[in-house]
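With our numbering applied, the sequence shown has no gaps in its numbers, which climb one by one up to 552 at the end. Below: one structure, written as structure tokens.
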Amino acid sequence: LALLCALSVGRAPGPFLEKIRELDRTDSKVMKPLDELVNGIGPRLTSSERLDQACDWAVKKFESFGLKNVRKVQWGTFPVGFDRGVRRGRVTAPVAMDLVFTTPSWTPGTQGTVKASIKQAPENLADLDKNPGEWKGAFLLGVARARGGEERVAREAQFQKLGISGVITKAQSELVLTGGSHQISATALPKIVSISLQGTQYAELERFLADGQSIEAEFEIDNRFRPGPIPLYNVIAEITGTEKPDELVIVGGHIDSWDGATGTTDNGTGTATTIEAARLLALAGAKPRRTIRFMLWSGEEQGLLGSRAYIEQHAAENEKISAVLVHDGGTNYVSGIAATAAMVPDFESVLAPLLTWNKNLPFKIRAVKSLPQGIGSDHDSYLAAGVPGFFWDQGGKANYTRTHHTQYDTYDAAIEEYQRHTSQIVAVGALAIANLPHLLNREGMRSLSDTGARLGRGSRRRLGINPNPDDLSVLEVTPDSAAAKAGMKVGDRILKIDGKAITDAFEMSDSLRAGAPKKVITVLRDGKNLDLTVTWDETPRTPPPSEEKKK
């Protein structure tokens, strides 16, 4: 009776909820689409053939559930496509050592296996021209980042003239992050291989060279450009509303990924829970008052491009969207949702069943002054357009920093218990909000003084720790992370940030995003308070030549 009454305001009937529970108990499928996506298709870089395959696969998934208006919607194009194949590298002398590395997306490969020496680059690259024959075919270690587009172009011309095979730069300790710029021209493709090598291995190569030892290596890097324009799509499917079909609750995540691994926790997990939530609602026979739209955006990793473009192209929809619910925080379970004062009464009314859905994986409605912005996922696009966008709160034992854009973002990182739970919460939450008697109240949704809103894409300011949600004690510190560089240790308990007491992970996240990229974090260590200074490098990236020309 309590379950039935809890959603009576929104007409979300209890039998649907019990059916969702039963389907999860007897017929959970959330790991199947995740496996098909990340192991079967693989990484899904925007503009890659695998992303095309993934979008077509998602359409078929939604169609198999009997959803309506299933389609791909083109939002734009990229000038050049990029596909990645084999990536191997090893040192053959003075010792045998397999190398852990990546290359930026939209950069060239080796076109077969290349055997070459690795040599220390001179501090002044102009000195390379003094002995041009010495560098032919070599990979250069220790080349500083170019300061601008003109320097990059000149450097590439110099390296080509000398016959240099490529450059090797240092990645974050054990974590090798993949990124890259898609804004290149088909008539001026980059020519020099750029390798980002695991930090500990990079340091070992430096030691070899410092000791006067010669290094021989071989690389096989299959990077391929595809001439554009490359059409790019979002995937959409719907359960049509019975009373207000033109009003929407949107449930989604992004289907694209970086391609250094298989894109599991960013964001195969969110794609899979979106698909499973759609399946659960369809099989439960849900009849929402408003249309529930499932959306899988692409171009998220390049700056929320797919969601931003869709919003601009369909601006008339914005006034009729009640909520956008985005799962893009990895495999940890959905543990709550933020709500402004104007939203709290509705959420407390219709989301009440979620508060007791699973006592071991608790859910909380978190009161906030304004909806969190600047996190860097597709809900931000909607918030910028004045639409209530929600980035689900998440909790659990997974360390997202370890997998986010790194070589460890593979299927084994996903936690089935969390994925199953999240799928249910997303399904029930979407149904409940869709059945409210009115659209969500937008009063106080955005705050012009919210510094986090101005941080923009890519400024999540991760500490690089796995905190205990009960007392904010540090369970794990990611090597070479912001926290590690500041001296944070396992066992430290976070008490304050810039003098403000911190009581939970969400306060910690909000405090990290606000203000300048330098924070004093007070921790309790061995019975004493200790202040640690944490900084993030938020220097704007230097645009590639194609961007500079546009300016």
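We put the CB at the ideal spot given by N, CA and C, even for glycine. Computed from a predicted model, the values in this text were never measured in an experiment.
Just to confirm before moving on: does the CB-CB distance between Ala-310 and Lys-69 stay below 9 Å? Cβ atoms of Ala-310 and Lys-69: not closer than 9 Å.
Using 8 Å for Cβ pairs, my map puts Gln-199 next to Ala-172. What's the rounded Cβ distance? Contact between Gln-199 and Ala-172 holds: CB atoms are separated by about 6 Å, below the 8 Å threshold.
When the Cβ atoms of the segment 325–343 are set against those of the segment 384–399, are three or more pairs found closer than 8 Å? In short, these stretches touch, since the Cβ pair count reaches three.
Own chain residues within Cβ distance below 6 Å of Arg-409, not counting five before or after: The question names Arg, but residue 409 in the sequence shown is Tyr. Excluding positions up to five away in sequence, the list reads Arg-403.
Would you kindly report the start and end of the unbroken alpha helix (DSSP H) that includes Gln-202? DSSP places Gln-202 inside the alpha helix (DSSP H), whose first and last residues are 200–211.
Buried or exposed: where does Gly-134 fall if 16 or more other Cβ atoms within 10 Å of its Cβ makes it buried? Gly-134 comes out exposed.
Look up Trp-298 in the DSSP assignment and give the residues it is bridged to. According to DSSP, residue pairing for Trp-298 in a beta bridge involves His-255.
Report the option in Gly-390, Ala-59, Met-98 and Glu-248 whose CA atom is closest to the CA atom of Val-236. Residue Ala-59 is the option with its Cα nearest to Val-236.
Within 10 angstroms of the Cβ of Leu-282, are there 16 or more other Cβ atoms? Answer buried if so, exposed if not. With a 10 Å radius around the Cβ and a threshold of 16 neighbouring Cβ atoms, Leu-282 comes out buried.
In angstroms, rounded to a whole number, what distance separates the CA positions of Asp-28 and Ala-385? If you draw a straight line from the Cα of Asp-28 to the Cα of Ala-385, it comes to about 38 Å.
Can you round the beta-carbon distance between Thr-407 and Leu-52 to whole angstroms, since I take them to be within the 8 Å contact cut? Contact doesn't hold; Cβ gap of about 20 Å is too wide.
For the beta strand (DSSP E) containing Gly-229, name the first residue and the last one. Note, Gly-229: beta strand (DSSP E), 216–240.
How is the alpha helix (DSSP H) around Gln-374 delimited, first residue to last? From DSSP, Gln-374 is part of no alpha helix (DSSP H); its letter is neither H nor E.
Which class does His-24 belong to by DSSP, given the choice of helix, strand or coil? In the sequence on display, residue 24 carries Leu and not His. Secondary structure at Leu-24: helix, using DSSP grouped into helix, strand and coil.
Just list the alpha helix (DSSP H) runs in the segment 315–394, keeping only unbroken ones of 4 residues or longer that don't cross its boundaries, in chain order. Counting only runs of 4 or more residues that sit fully inside the segment 315–394, the alpha helix (DSSP H) segments are 345–351, 353–356 and 380–385, in chain order.
Can the beta-carbon of Ala-279 be found closer than 9 Å to that of Phe-507? Result no, Cβ atoms of Ala-279 and Phe-507 do not sit closer than 9 Å.
How would you call Glu-248, buried or exposed, if buried means at least 16 neighbouring beta carbons within 10 angstroms? Buried: at least 16 other Cβ atoms inside 10 Å.
Please state whether DSSP places Met-32 in a helix, a strand or coil. In the structure shown, Met-32 sits in a helix (DSSP, three-state: H, G or I).
Residue from Met-489, Asp-505, Asp-527 and Leu-496 whose Cα sits closest to the Cα of Thr-536: Closest option to Thr-536, judged by alpha-carbon separation, among Met-489, Asp-505, Asp-527 and Leu-496: Met-489.
Smallest Cα separation from Gly-307: which of Ala-343, Arg-22, Asp-257 and Val-327? Answer by Cα proximity: Asp-257.
Three-pair Cβ contact test at 8 Å for the segment 421–429 versus the segment 495–503: As far as the Cβ criterion goes, the segment 421–429 does not touch the segment 495–503, which means the pair count is below three.
Return yes when the Cβ of Ile-322 is within less than 9 Å of the Cβ of Ala-340, no when it is not. No, they are not a contact pair.
Would a C-beta distance cut-off of 9 Å place Leu-141 and Glu-207 closer than the cut-off? No, they are not a contact pair.
Please classify Phe-17 as buried or exposed, where buried requires at least 16 neighbouring CB atoms within 10 angstroms. Counting Cβ neighbours within 10 Å, Phe-17 comes out buried, since at least 16 surround it.
Separation of Ala-211 from Ser-299, as counted between CA atoms: If I take the Cα positions, the gap works out to 45 Å.
Express the C-alpha separation of Leu-432 and Thr-243 in angstroms, rounding to a whole number. Rounded to the nearest angstrom, the two C-alpha atoms are 12 Å apart.
Below 7 Å CB to CB, which residues in the same chain sit around Met-344 once its five sequence neighbours on both sides are set aside? The residues are Leu-441 and Asn-442.
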